[in-house]
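These notes concern the structure reproduced below.
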Amino acid sequence: MKNIIFYLVLIVGLIGCKNESSDSSETGKEVETVQVIPIQTPKGEFKVWTKRVGDNPTMKVLLLHGGPGMTHEQYGNFDEYLPQEGIEFIWYDQLGSAHSDQPEDSSLWTIERFVDEVEQVRKALGLNKDNFYLLGQSWGGMLGMEYAFRHQENLKGLIICNMMSSLDEYEKYAKEVLGPQMPAEVFAEIMEIEKNMDFENPRYMELLEVHHYPQHVLRMPAGQWPEEINRMMTQVNPDVYIYMQGYSEFGITPGASLEGWDVREKLKTITVPTLVVGGSHDTMDPKHMEWMSKQMGNGRFLLCPNGSHLSQYDDPSHFFPGIIKFIKDVDSGSF
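The sequence shown begins at 1 in the working numbering and counts up one residue at a time.
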C-alpha cells in the first residue's frame with residue numbers, strides 16, 4: 001500500500017544516497033569517527049551506526065532523529081555550527097534507519113525498546129552525567145523525554161525540539177489552528193480524505209505540498225529543500241513510520257502504536273537542565289512547548305520566530321545560538 005513517505009519521496013525527487021566510510025576522516029580541523037555499535041534486543045543482536053564529530057570532554061551531544069524511521073541527515077547542517085563552538089556531536093541512525101540494521105519485526109518498534117537502545121548507545125560511546133547532552137527533534141524529542149523519565153541521572157542536559165508532550169493536543173492544534181489557516185475548501189477535502197482513510201489518494205499529498213509543508217514543515221519550496229533533507233526522504237523506513245505514526249499529517253492514525261501518547265503529568269519529574277525549542281510556524285503548538293518548559297524543574301524555552309518543524313534549516317539564526325548558549329551555560333554552571 002502506498003503511504004505518505006513514498007509521496008514525500010516523489011516531492012523531493014529520487015536522489016542517490018551518499019556512502020559513509022567506516023574510517024575516521026578529517027573535515028577541516030574536526031575529526032569524524034564512525035562507530036558501529038552492537039545492541040541487544042528481545043529478538044537478538046543488531047548493529048546501529050553513529051558518527052562522532054569533534055572531541056570535547058565536557059560537551060557531547062547525541063542527536064535523536066525524528067520519524068520514527070527518518071535518519072541522522074535531519075541534522076545535516078549541525079557541522080556548520082557546533083564544531084566552531086567546540087561542541088562535539090554524534091550523528092546516530094536508530095535501529096531500522098538508514099545505515100543501521102533494518103529488521104523486519106514490528107515487535108521491536110516500541111518506545112521502551114528504543115529507550116533501551118539509546119541507553120546501550122550511551123554506554124558504548126562513553127557518555128555520562130559530566131558530558132552527555134541529549135537532543136531530539138519531533139519523534140526524537142518524544143524519545144528524549146522518555147529516556148529522561150527513566151535515565152536522567154545519566155544526563156548533563158536535555159534538548160527537546162519541536163515536540164509536544166501530548167499527541168491528542170498535537171492533533172487538536174493541527175485540526176483547530178493549522179488546518180483552518182488553509183482555504184476552507186482545501187482543508188475540507190483533506191479532512192474528507194482522512195475520514196475515509198483514503199491515503200492512497202494522490203490529492204492528499206498534492207494539497208499538503210502546497211498548503212502545509214512549505215508553511216509548517218520546512219518554510220521553503222520543496223524544490224529548494226537542502227540536499228541532506230532530500231536524501232533523508234529517500235531513505236525513510238516506511239514500515240517503522242507507519243507502524244508507529246501512521247499516515248496522517250494531522251494527528252496519529254487510529255491503530256498506530258503511538259496513539260494516545262501523553263506525558264504531560266510526568267514532565268515535572270524531569271529535573272535535569274532542559275531546553276525546549278519551538279517554531280512560530282511549527283506543526284507543533286509553540287505555546288504548549290513553552291508551557292512544557294515551565295513544568296520542568298530546570299527548564300528554558302527557545303522560540304524560533306521564523307521557524308517551522310525543521311527550525312534548524314529555516315531559522316538557524318535563532319536555533320543554533322539558542323542551543324549553543326544552553327549547552328555552554330550548563331557546561332559553565334551558569335544555567
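Ideal Cβ placement from N, Cα and C applies to all residues, glycine included.
I'd like the list of long-range same chain contacts for W49, defined as Cβ closer than 6 angstroms, with 5 residues on each side in sequence excluded. Residue 49 sits at position 49 when you count from the first residue of the sequence shown. Correct list, in chain order: V36, D93, H99 and S100.
Nearest by alpha-carbon distance to N196: which of T110, G66 and Y247 is it? Position 196 of the sequence shown holds residue 196. Nearest C-alpha to N196: Y247.
According to DSSP, what are the bridge partners of F132? Start at 1 with the first residue of the sequence shown, and residue 132 comes out as number 132. Partner(s): K60.
Could you say which of V236, D262 and Y133 lies nearest to M163 if we only look at CA atoms? Start at 1 with the first residue of the sequence shown, and residue 163 comes out as number 163. Nearest of V236, D262 and Y133 to M163, Cα basis: D262.
Would you check if there are 3 or more beta carbon pairs closer than 8 angstroms linking the region 280-293 to the region 179-191? These segments do not touch.
With 16 other CB atoms within 10 Å as the buried threshold, where does G67 fall? Indexing the sequence shown from 1 puts residue 67 at position 67. By the 10 Å Cβ count, G67 comes out buried.
Where does the unbroken alpha helix (DSSP H) through I327 begin, and where does it stop? For the purposes of this step, residue 327 is identified with residue 327 of the sequence shown, where counting begins at 1. Annotation: the continuous alpha helix (DSSP H) that includes I327 extends over P316 to S332.
Here's the rule: buried if 16 or more other CB atoms are within 10 angstroms of the residue's CB, otherwise exposed. What is Q181? In the sequence shown, the residue the question calls residue 181 occupies position 181. Of the residues assessed, Q181 falls on the exposed side of the cut-off, its CB having fewer than 16 other CB atoms within 10 angstroms.
Among L95, M292, T58 and S311, whose alpha-carbon lies nearest the alpha-carbon of S332? Along the sequence shown, one-based indexing puts residue 332 at 332. Residue T58 is the option with its Cα nearest to S332.
Just the C-alpha distance for L95 and Y241, rounded to the nearest angstrom, thanks. As a position in the sequence shown, residue 95 is number 95, starting the count at 1. As a position in the sequence shown, residue 241 is number 241, starting the count at 1. For L95 and Y241, the distance between alpha carbons rounds to 12 angstroms.
Cβ shell of K325 (< 7 angstroms), same chain only, five flanking positions each side left out: As a working mapping, residue 325 is identified with position 325 in the sequence shown. None.
E204 lies in the alpha helix (DSSP H); which residues open and close that run? Residue numbering aside, residue 204 sits at position 204 when the sequence shown is read from its first letter. First, the residue type needs correcting, since residue 204 is Tyr and not Glu in the sequence shown. Boundaries of the alpha helix (DSSP H) harbouring Y204: P202 to H211, taken from the DSSP string.
Quick test of the definition: if touching needs 3 or more C-beta pairs under 8 angstroms, does the region 121-141 touch the region 150-167? Yes: at least three Cβ pairs fall under 8 angstroms.
Would you mind stating whether G336 and E88 have Cβ atoms separated by less than 8 angstroms? Outside the modelled stretch of the chain, which goes from 1 to 335, sits residue 336, for which no answer is possible.
Cutoff 7 angstroms; reference D314; Cβ partners in own chain excluding five residues on either side: In the sequence shown, residue 314 corresponds to position 314, counting from 1. Only L218, R219, M220, N306, G307 and S308 meet the Cβ criterion.
L125 lies in the alpha helix (DSSP H); which residues open and close that run? Taking the first residue of the sequence shown as 1, we reach residue 125 at position 125. Per DSSP, the continuous alpha helix (DSSP H) segment holding L125 begins and ends at I111 to L125.
Quick check on the burial criterion: 16 or more other C-beta atoms within 10 angstroms. Buried or exposed for K156? Position 156 of the sequence shown, counted from the first residue, corresponds to residue 156. It counts as buried.
Every unbroken alpha helix (DSSP H) inside the region 126-191 [4 residues or more]: Runs found: 139-151 and 167-173.
State the CB to CB distance for the pair M232 and Q74, rounded to an integer number of angstroms; the pair is presumed to be in contact (CB under 8 angstroms). Here residue 232 refers to the residue found at position 232 when the sequence shown is read from its first residue. Here residue 74 refers to the residue found at position 74 when the sequence shown is read from its first residue. Contact flag correct, Cβ pair sits at about 6 angstroms.
According to DSSP, is I90 helix, strand or coil? In the sequence shown, counting from the first residue as 1, residue 90 sits at position 90. In this structure, I90 counts as strand in the three-state DSSP scheme.
E290 versus Q312, P226, V272 and L267, residue with shortest Cα-Cα distance: As a first step, residue 290 is located in the sequence shown; it is residue number 290 there, counting from the start. Residue nearest to E290 within the set Q312, P226, V272 and L267 is L267 (criterion: CA-CA distance).
Hey, how far is the Cα of L303 from the Cα of M284? Numbered from its first residue, the sequence shown carries residue 303 at position 303. Numbered from its first residue, the sequence shown carries residue 284 at position 284. Distance between L303 and M284, taken at the CA atoms: about 12 angstroms.
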